[in-house]
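So the sequence lines, in the order shown, correspond to chains A and B. Just add 126 to wherever you are in the first sequence, counting from 1, and you've got the numbering used here. Just add 16 to wherever you are in the second sequence, counting from 1, and you've got the numbering used here.
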Amino acid sequence: EAGVTQSPTHLIKTRGQQATLRCSPISGHTSVYWYQQALGLGLQFLLWYDEGEERNRGNFPPRFSGRQFPNYSSELNVNALELEDSALYLCASSTYTRETQYFGPGTRLLVL
Amino acid sequence: GENVEQHPSTLSVQEGDSAVIKCTYSDSASNYFPWYKQELGKRPQLIIDIRSNVGEKKDQRIAVTLNKTAKHFSLHITETQPEDSAVYFCAVGSGGSGNTGKLIFGQGTTLQVKP
């Protein structure tokens, strides 16, 4: 069974640009979660999508947004990039009824 | 607000010794407690999890204990091996009917197992 996949693996942008990150969940999983892992820090919850709807969001500004597609894949958009947005962005998936989250390999975003 | 404190931040043990990592949390509604292992440059991998209706869970060399009254839980690794070297994260969630989808993570413990 394939795990959670994410693309691209690395992304370099300049301040003020927009970034789009993509995630494909494990087959059969309907929930997708996004986390930010800044260097040397723990994981910070960004967003939770299930069945195409945003179910919860963390303490991040509105320029962090996303969506979930009918095939349950998801994308995270970060607008007006700032230097401090440089981090590893991790996607996780689960079934709706279970709390267990399985992570993808992440997208490393560097903002110059 | 919601908070998870994890200690120690670094831990160095000799191969074969035991390692213990502790976490405390603030939200009494929390009922799901997973532990993740993250090797350098790799994804966090779930190694064990426990729900609030259980006080202890074991899987080979790994065990987790939960004290809901005191709001703390611990990861125990016995007979450590060099391949156990990694960063370990505890997390806290609220599942079931009150599922928020959000896991709140501790700051991580860097475990080094010396051969």
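Where is the CB? At the ideal position from N, CA and C, for every residue including glycine. Treat the numbers as computed from the prediction; the structure is a model and nothing was measured.
- Under the DSSP assignment, GLY154 of chain A falls outside any beta strand (DSSP E); it carries neither an H nor an E label.
- Between the alpha carbons of LYS84 of chain B and GLY109 of chain B lies a distance of about 13 angstroms.
- According to the DSSP secondary-structure assignment, GLU177 of chain A is paired through a beta bridge with no residue.
- Within the same chain, and ignoring the five residues on either side of ARG67 of chain B in sequence, the residues whose Cβ sits closer than 7 angstroms to its Cβ are ASN47, TYR48.
- DSSP places GLU72 of chain B inside the beta strand (DSSP E), whose first and last residues are 72–75.
- Nearest Cα to GLY32 of chain B within the set B:GLU99, B:CYS106, B:ASN115: B:GLU99.
- For GLY129 of chain A, the three-state secondary structure derived from DSSP is coil.
- Counting C-beta pairs closer than 8 angstroms gives fewer than three between the segment 50–68 of chain B and the segment 140–149 of chain A, which falls short of the contact rule.
- For ASP65 of chain B, the uninterrupted beta strand (DSSP E) segment begins and ends at 61–67.
- If you check the CB distance, TYR228 of chain A and VAL130 of chain A come in under 8 angstroms.
- The Cβ atoms of PHE105 of chain B and GLY117 of chain B lie no closer than 8 angstroms to each other.
- Think of a sphere of 8 angstroms around the beta carbon of ILE120 of chain B: the chain A residues whose beta carbon falls inside it are PHE171, in chain order.
- At a C-beta separation below 8 angstroms, THR226 of chain A has these neighbours in chain B: PRO50, LEU62, ASP65.
- At a cut-off of 8 angstroms between beta-carbon atoms, THR116 of chain B makes contact with chain A.
- Around the beta carbon of PHE171 of chain A, 16 or more other beta carbons sit within 10 angstroms, so the residue counts as buried.
- Look at LEU56 of chain B here: in three-state DSSP terms it is coil, with no helix or strand label.
- The beta carbons of LEU137 of chain A and THR233 of chain A sit closer together than 8 angstroms.
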